[in-house]
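Asker: The numbering used here numbers the first residue of the sequence shown as 1108 and each following residue consecutively. A virtual CB, placed ideally from N, CA and C, is assigned to each residue, including glycine.
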Amino acid sequence: MSRTVTDVESLWEAVDLHTAAIGSKVVGWRHHLHAHPELANRERDTAALVARHLCSLNLDEVRTGVAGYGVVGVLRGGLPGDRVAALRADVDALPVREDSGVDFASTVVDEDYPGGPFPVAHACGHDCHTAMLMGAAEVLSDLRSELPGTVLFVFQPAEEGPPVDEVGGARAMVASPALLDPAPTMVFGLHVVPLPTGIVGYRVGRLLAASCLVRITVRGHRTHASTPWLGADPMPPAAEIVSACGQLYRQVPATSPITVSIGHVEDAGRFNVVGASVVLWGTLRCLDPSDMDTVRDRLRRAAEHIALAHGCRAGVEYLQSVPPVENSPSWTSAVLPTLRRVVGESRVKRTEAVLGYDDVSELIDAFGGVFVLLGCQDTEYVGGALRAIPGQRGAATNHDPAFYADDSVLATGTRLYSHVAVDHVTGRLDPALVDQPGPPAF
């Protein structure tokens, strides 16, 4: 498919026509990825699929093995230009047993993953992001002769966090030379969420929280279950520590949302043996990163004192810290015209901040850019409140085994990636052109 494009309006039209032409391919990629999910730092087959596709487009470069199984495709436009648009999609899946009901659902089990075996599913929609960006690469490669500047297609592994004894994710990609030649002048990313299908959600300032992984090890003394007084049982203090996590929000101002959640427990005992240790794994989220040190200190003291009261000891470790996703006023103002053109002004909504996290923040902090949410489910706004559409599939949150994404959103995501890249490399999407750097009107 080839054409001559002489102005940016024709580029926009070409993007939309080509997106429509490859729609069934993008859906097919998404279904394949969904049925074959891979956990963080194990995305070998996903990376191979992406790399084969990018190579088939005759991009200028396809860089593989970036921060593990990351892939970076480089498209240099045929016209002169210094701007570099980095389009980012995360590719990893979750240790969740899928219950979405779709006919392409995952039945994969990773037998070898640390702590496993684990069922594996794309319960956070990264299959959608990957397929959308594969589509955008095909669309933009067809238009390369009429594009100035450079587009980087960044397929990032391990967004959900690698095993604790491994490195990976966006921080490792930022440190890689593969993302610095040329260095991005803008990063754009998106994430599917349970908003109405096709709605784009944005926020000025912090959209997603700062995060870290928490490992609490409670050590006692092993004994027979019939004689607990002869040992020190780590299970009761571990249970109290889990309960105490739910009260930490009372120790920071009510205007500063935080959460501490324990999602996994490891016990070294047996039904008739009091074990020597219990390990609690969880996550700490703070919308205001200045609260992080306070919450960490309070959690550490609570764990140590609770364990001591039971004759045990507790150690608290904080791992894999991730900064919050923050959209600057100038970048948000610059991208809003593009978002509104792609989906329609009424379908671009200002959203509230949430305590989810995404390590795309590492890329945005390093290079500048913006991150948005993309609705993918059977929900609607009624009187300003989000509701499930009666008789439809309703809302299933990210990481829920029932999470689903409507295939119709794939074309929207492909268009968003492509239009943002076109607007940035042609100079239309640039915070330096924003007259007033304050919050945009809405």
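1. Taking C-beta to C-beta, are F1478 and G1296 nearer than 8 Å?
2. Using only CA atoms, which one of T1153, H1328, G1130, A1128 lies nearest to L1140?
3. Tell me where the beta strand (DSSP E) around L1415 begins and ends.
4. Using a Cβ distance threshold of 8 Å, determine whether the segment 1194–1204 contacts the segment 1248–1266, with at least three qualifying pairs required.
5. Put V1112 into one of helix, strand or coil per three-state DSSP.
6. Could you spell out the range, first to last residue, of the beta strand (DSSP E) harbouring Y1425?
7. How should P1360 be labelled, buried or exposed, when 16 other C-beta atoms within 10 angstroms of its C-beta is the threshold for buried?
8. With DSSP run on the structure shown, which of helix, strand or coil describes H1328?
9. Considering only C-alpha positions, which residue in the set M1399, S1384, A1421 is nearest to L1462?
10. For L1552, name the three-state secondary structure that DSSP assigns.
11. Looking only at DSSP bridge pairs, what is V1307 linked to?
12. Between the Cα of L1355 and the Cα atoms of T1401, H1371, D1249, R1326, which residue gives the shortest distance?
13. Thinking just about the alpha-carbon of each residue, which of A1345, E1373, P1396, S1384 is nearest to the one in T1366?
14. Does DSSP classify A1518 as helix, strand or coil?
15. Going by C-alpha to C-alpha distance, which of A1128, C1483, L1118, V1215 sits closest to L1146?
16. Alpha carbon to alpha carbon, how far is R1183 from S1248?
17. What residue range does the beta strand (DSSP E) around T1533 cover?
18. Please confirm whether P1335 and V1325 have their CB atoms less than 8 Å apart.
19. Have a look at D1219 and W1119 and give me their C-alpha separation to the nearest angstrom.
Answerer: The short version:
1. Cβ atoms of F1478 and G1296: closer than 8 Å.
2. Of the candidates T1153, H1328, G1130, A1128, the one whose C-alpha sits nearest the C-alpha of L1140 is T1153.
3. Careful: L1415 lies outside any beta strand (DSSP E), inside the alpha helix (DSSP H) at 1399–1416.
4. Contact between the segment 1194–1204 and the segment 1248–1266 is present: three or more C-beta pairs spanning the two stretches fall below 8 Å.
5. For V1112, the pLDDT reaches just 43, beneath the cut-off of 50, and the residue's location in the model is therefore unreliable, leaving the point undetermined.
6. Element bounds for Y1425: 1420–1429.
7. Around the beta carbon of P1360, fewer than 16 other beta carbons lie within 10 angstroms, which makes this residue exposed.
8. Three-state DSSP puts H1328 in a strand.
9. Answer by Cα proximity: M1399.
10. Only positions 1108 to 1549 of the chain appear in this structure, which leaves residue 1552 out of reach.
11. Here V1307 is bridged, per DSSP, to V1455, L1481.
12. The shortest Cα separation from L1355 among T1401, H1371, D1249, R1326 belongs to T1401.
13. Distances from the CA of T1366 to each of A1345, E1373, P1396, S1384 were compared; the closest alpha carbon is that of P1396.
14. Here A1518 sits in helix by DSSP.
15. Just measuring C-alpha positions, the residue of A1128, C1483, L1118, V1215 sitting nearest L1146 is V1215.
16. About 9 Å.
17. Here T1533 belongs to no beta strand (DSSP E), and DSSP marks it neither H nor E.
18. Between P1335 and V1325, the gap from beta carbon to beta carbon reaches 8 Å or more.
19. Roughly 46 Å separates the two Cα atoms.
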